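Written below as structure tokens is the structure these notes are about.
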Amino acid sequence: MARRDVYSILVSARRLPVLGRAAYYVLKLLSVEIPHSVEIGAGFYLVHGGFGVVIHPKTKIGNDVKIYPGVSLGRADIYKPMNESTFEGIVVEDDAVLSSGAKVLCMSGVLRVAKGTVLGANAVLRESTGEGEIWAGVPARRVGMRWEG
Numbered sequence: 036m037a038r039r040d041v042y043s044i045l046v047s048a049r050r051l052p053v054l055g056r057a058a059y060y061v062l063k064l065l066s067v068e069i070p071h072s073v074e075i076g077a078g079f080y081l082v083h084g085g086f087g088v089v090i091h092p093k094t095k096i097g098n099d100v101k102i103y104p105g106v107s108l109g110r111a112d113i114y115k116p117m118n119e120s121t122f123e124g125i126v127v128e129d130d131a132v133l134s135s136g137a138k139v140l141c142m143s144g145v146l147r148v149a150k151g152t153v154l155g156a157n158a159v160l161r162e163s164t165g166e167g168e169i170w171a172g173v174p175a176r177r178v179g180m181r182w183e184g
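Quick note on numbering: the sequence shown equals residues 36 to 184 in the working numbering.
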């Protein structure tokens, strides 16, 4: 059964024609920045309310993704004007877990957080991951596998 807390309801509602704008601003008041353009799959969960979460508008999030407080997903080249950036977006695939304070920063193209990836607390990820990998550190490095076998 899918979790349906107030944050999940607000995240879903932000794409509705009439209530969407209000849901977006309520999330902002709760310190969660998820623009309307962010595509989010079923079972998305902002753990502990996701305080301080910031997600770039060019992000796609799969099913059953968990995001903890303080996570940011965005451009690594913020010093450039947007029209000079080669950043294309971030894709977080199904069953990924982004731990507290983790940063996913893409310099160019599309950065993929593969299915089942776990990103450790306060890690700074600047490259795509493989399925079921565990990443930690600054800069983030693969430190293990989520599933054996």
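For glycine and all other residues, C-beta sits at the position ideal for the given N, C-alpha and C. Predicted, not measured: the structure shown is a model, and the values here were computed from it.
From this set, E68, R49 and V127, which residue's C-alpha is nearest E166's C-alpha? Relative to E166, the option among E68, R49 and V127 whose CA is nearest is V127.
Can I125 and H91 be called in contact, C-beta distance under 8 Å? The Cβ atoms of I125 and H91 sit closer than 8 Å to each other.
Per DSSP, which residues does S143 bridge with? Please list them. For S143, which the question treats as bridged, DSSP gives the partners T121.
Determine the extent of the alpha helix (DSSP H) in which L64 is found, giving its start and end residues. Note, L64: alpha helix (DSSP H), G55 to L64.
Hey, K95 and E74 are a contact pair by Cβ (cut 8 Å); roughly how many whole angstroms apart? The C-beta separation of K95 from E74 comes to about 5 Å, placing the pair in contact by the 8 Å criterion.
According to the neighbour-count rule (16 or more other Cβ atoms, all chains shown, within 10 Å of its Cβ), is E168 buried or exposed? When all chains shown are included, E168 counts as buried.
Quick one: using the 10 Å Cβ neighbour count with 16 as the cut-off for buried, is R56 buried or exposed? Label assigned to R56: exposed.
Once DSSP output is grouped into helix, strand and coil, what is the label at A37? Its pLDDT being 47, under 50, A37 is placed unreliably in this model, and the coordinates cannot settle the point.
Test item: CB-CB of S135 and P104 under 8 Å: Annotated as proximal: S135 and P104, with beta-carbon spacing under 8 Å.
Continuous beta strand (DSSP E) stretch holding L108: start and end: In the DSSP assignment, L108 falls within the beta strand (DSSP E) that extends over S107 to R110.
Short Cβ contact (8 Å threshold) for A131 with V148: Cβ distance < 8 Å, so A131 and V148 count as in contact.
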